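Here the structure is laid out as structure tokens; the discussion comes afterwards.
There are 2 protein chains.
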Amino acid sequence: MFRGVCLVNLDAKGRVAVPARYRERLQSTCDSRLVVTVDRDRCLLLYPEPEWELIESKLAALPAFDNTARAIQRLYIGNAQEVEMDAQGRILLPHYLRDFAALDKRIAFVGQGSKFELWDEGAWNARTEAALSDTRISELAVAAGLGSLTL
Amino acid sequence: MFRGVCLVNLDAKGRVAVPARYRERLQSTCDSRLVVTVDRDRCLLLYPEPEWELIESKLAALPAFDNTARAIQRLYIGNAQEVEMDAQGRILLPHYLRDFAALDKRIAFVGQGSKFELWDEGAWNARTEAALSDTRISELAVAAGLGSLTL
DNA sequence: GATGAGGTGGGGTAAAGTGGGGAATTAGGG
DNA sequence: CCCTAATTCCCCACTTTACCCCACCTCATC
Numbered sequence: 108m109f110r111g112v113c114l115v116n117l118d119a120k121g122r123v124a125v126p127a128r129y130r131e132r133l134q135s136t137c138d139s140r141l142v143v144t145v146d147r148d149r150c151l152l153l154y155p156e157p158e159w160e161l162i163e164s165k166l167a168a169l170p171a172f173d174n175t176a177r178a179i180q181r182l183y184i185g186n187a188q189e190v191e192m193d194a195q196g197r198i199l200l201p202h203y204l205r206d207f208a209a210l211d212k213r214i215a216f217v218g219q220g221s222k223f224e225l226w227d228e229g230a231w232n233a234r235t236e237a238a239l240s241d242t243r244i245s246e247l248a249v250a251a252g253l254g255s256l257t258l
Numbered sequence: 108m109f110r111g112v113c114l115v116n117l118d119a120k121g122r123v124a125v126p127a128r129y130r131e132r133l134q135s136t137c138d139s140r141l142v143v144t145v146d147r148d149r150c151l152l153l154y155p156e157p158e159w160e161l162i163e164s165k166l167a168a169l170p171a172f173d174n175t176a177r178a179i180q181r182l183y184i185g186n187a188q189e190v191e192m193d194a195q196g197r198i199l200l201p202h203y204l205r206d207f208a209a210l211d212k213r214i215a216f217v218g219q220g221s222k223f224e225l226w227d228e229g230a231w232n233a234r235t236e237a238a239l240s241d242t243r244i245s246e247l248a249v250a251a252g253l254g255s256l257t258l
């Protein structure tokens with residue numbers, strides 16, 4: 108499981124350094140091959156390639172005549188892009204994905220289980236603050252059957 | 108079960124000494140490997156790694172298209188960070204977590220069952236005082252179904 | 001008062017993160 | 001089809017940070 112946030116810089120060429128603590132694992136699990144795509148919440152999702160294959164096959168299996176399914180396929184598969192770590196452990200983000208997530212300089216590189224999320228630092232902080240002040244989180248957590256969750 | 112509060116100092120490098128009475132147990136149960144994350148009350152939570160894995164797997168199993176579930180995942184998994192005790196029994200708290208809980212120097216290191224809580228000393232004292240002077244506590248305890256609790 | 005463990009501080013070093021130059025490749029326009 | 005421009009890739013170098021180790025200080029105990 109990937110976890111934790113790491114603040115990194117996006118350089119003028121659109122590269123971000125993958126935090127070093129993940130690199131060895133990414134080399135062994137996916138030979139440094141990753142897939143970036145968009146997220147509904149205007150951040151980017153970064154998957155080790157095998158993980159992405161799983162998602163992609165699930166999406167591809169959705170009914171072809173369902174409009175919502177097709178919208179989802181277009182969003183995730185259509186915007187997906189393979190990237191590879193260079194010798195310094197950096198990945199190059201395509202320009203249209205940088206624009207999509209409004210990434211300019213400071214990036215929050217967030218571990219989220221089997222994938223990563225890439226946020227503009229300001230957007231990430233705003234999300235965190237919003238989650239903290241949102242009382243629905245505890246209410247809905249209980250409603251979702253997490254009442255017994257011992258955090 | 109961990110219990111009791113212990114006041115320790117955060118040094119200039121962001122390290123805190125784990126109270127010695129817990130160290131041996133942490134070495135045997137989790138090989139000195141711990142996970143720190145945030146709490147909604149602006150303190151930090153410190154879990155032995157196996158304990159954290161339990162929680163993380165519950166969180167990871169939440170539905171991906173539920174906005175509240177994702178907010179919870181982002182908050183807890185996204186801010187989680189593995190830490191390891193050094194030879195002196197100290198852990199290094201990442202800068203963003205120190206900022207989050209407004210930790211500067213004096214820390215309350217609080218045992219809370221299977222985990223620990225880390226509070227700024229002032230915030231901890233204020234919490235305690237607030238809980239004592241809050242006359243609604245008894246009412247809320249009853250409302251929460253704790254009426255028959257024999258302390 | 002001596003002794004030892006718990007707690008604290010700091011310095012040196014290796015590694016992580018960052019920036020940029022220049023070659024190679026691709027795309028677009030004349 | 002060629003020339004130009006932009007992008008990507010590979011390399012090197014610098015700066016900063018985190019980590020490891022050693023040393024000291026303080027307090028309780030004997």
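Protein chains in written order, with our numbering: chain C, 108 to 258; chain S, 108 to 258. Think of the CB as a built atom: it goes at the ideal place given N, C-alpha and C, for glycine as much as any other residue. Because the structure is a prediction, the values reported are computed rather than measured.
Need the endpoints of the beta strand (DSSP E) that residue i sits in, please.
i, result
"residue 212/C", "Unbroken run through residue 212/C: none, as it is neither H nor E."
"residue 144/S", "140 to 145"
"residue 222/C", "222 to 227"
"residue 130/C", "That residue, residue 130/C, is in no beta strand (DSSP E); its alpha helix (DSSP H) goes 127 to 137."
"residue 119/S", "It is not in any beta strand (DSSP E) - residue 119/S carries neither H nor E in the DSSP assignment."
"residue 197/C", "197 to 199"
Just checking my contact of residue i with residue j at CB under 8 Å: how many whole Å lie between their CB atoms?
i, j, result
"residue 182/S", "residue 208/S", "Rounded, the Cβ-Cβ distance is 14 Å, inconsistent with contact."
"residue 153/S", "residue 143/S", "5 Å"
"residue 249/S", "residue 198/S", "About 39 Å; that fails the 8 Å criterion."
"residue 196/S", "residue 128/S", "Contact flag wrong, Cβ pair sits at about 11 Å."
"residue 238/C", "residue 178/S", "5 Å"
"residue 151/S", "residue 117/S", "With 8 Å as the limit, residue 151/S and residue 117/S do not qualify as a contact, their Cβ atoms being about 11 Å apart."
"residue 141/S", "residue 155/S", "6 Å"
"residue 191/C", "residue 139/C", "6 Å"
"residue 217/S", "residue 115/S", "Their Cβ separation, rounded to whole angstroms, is 11 Å, which puts residue 217/S and residue 115/S out of contact at 8 Å."
So the candidates are the options; which of them puts its Cα closest to the Cα of residue i?
i, options, result
"residue 157/S", "184/S, 256/S and 137/S", "137/S"
"residue 110/C", "249/S, 187/S, 154/S and 126/S", "187/S"
"residue 230/S", "155/S, 213/S, 167/S and 184/S", "213/S"
"residue 227/C", "218/C, 210/C and 236/C", "210/C"
"residue 219/C", "243/S, 254/S, 176/S and 241/S", "176/S"
"residue 162/S", "174/S, 148/S, 147/S and 184/S", "184/S"
"residue 120/C", "234/C, 241/C and 201/C", "201/C"
"residue 164/S", "180/S, 257/S, 173/S and 194/S", "180/S"
"residue 171/S", "167/C, 148/C, 193/C and 170/C", "148/C"
"residue 244/C", "174/S, 244/S, 256/S and 254/S", "174/S"
"residue 167/S", "194/C, 169/C, 232/C and 108/C", "108/C"
"residue 189/C", "169/C, 160/C and 232/C", "160/C"
"residue 145/C", "236/C, 194/C, 206/C and 242/C", "206/C"
Residue i versus chain S: which residues are under 9 Å apart at the beta carbon?
i, result
"residue 136/C", "Ordered by position in chain S, no residue passes the 9 Å Cβ test against residue 136/C, which lies about 17 Å from the chain."
Applying a beta-carbon distance threshold of less than 7 Å, which residues of chain S neighbour residue i?
i, result
"residue 235/C", "182"
"residue 230/C", "Per Cβ cutoff of 7 Å: no residues; residue 230/C is ~12 Å from chain S at best."
Which residue marks the beginning of the alpha helix (DSSP H) containing residue i, and which one marks its end?
i, result
"residue 178/S", "174 to 183"
"residue 188/C", "Premise fails: residue 188/C lies in the beta strand (DSSP E), 188 to 191, not in any alpha helix (DSSP H)."
"residue 248/S", "243 to 248"
"residue 205/C", "202 to 207"
"residue 166/C", "156 to 167"
Could you tell me which chain S residues have their CB closer than 8 Å to the CB of residue i, listed as they occur along the chain?
i, result
"residue 243/C", "175"
"residue 141/C", "Result: empty, since nearest Cβ-Cβ is about 18 Å, beyond 8 Å."
"residue 239/C", "147, 149 and 182"
Check the Cβ of residue i against every Cβ in chain C and list those closer than 8 Å, keeping chain order.
i, result
"residue 110/S", "What residue 110/S touches in chain C: nothing, since even the nearest Cβ is about 16 Å away."
Could you work out which residues of chain C lie near residue i, taking near to mean beta carbons separated by less than 9 Å?
i, result
"residue 186/S", "110, 111, 112, 217 and 235"
"residue 167/S", "108, 219, 220 and 221"
"residue 163/S", "108, 110 and 220"
Along chain C, in chain order, which residues have C-beta atoms closer than 7 Å to that of residue i?
i, result
"residue 129/S", "Residues of chain C passing the Cβ test: none, with the nearest at roughly 19 Å."
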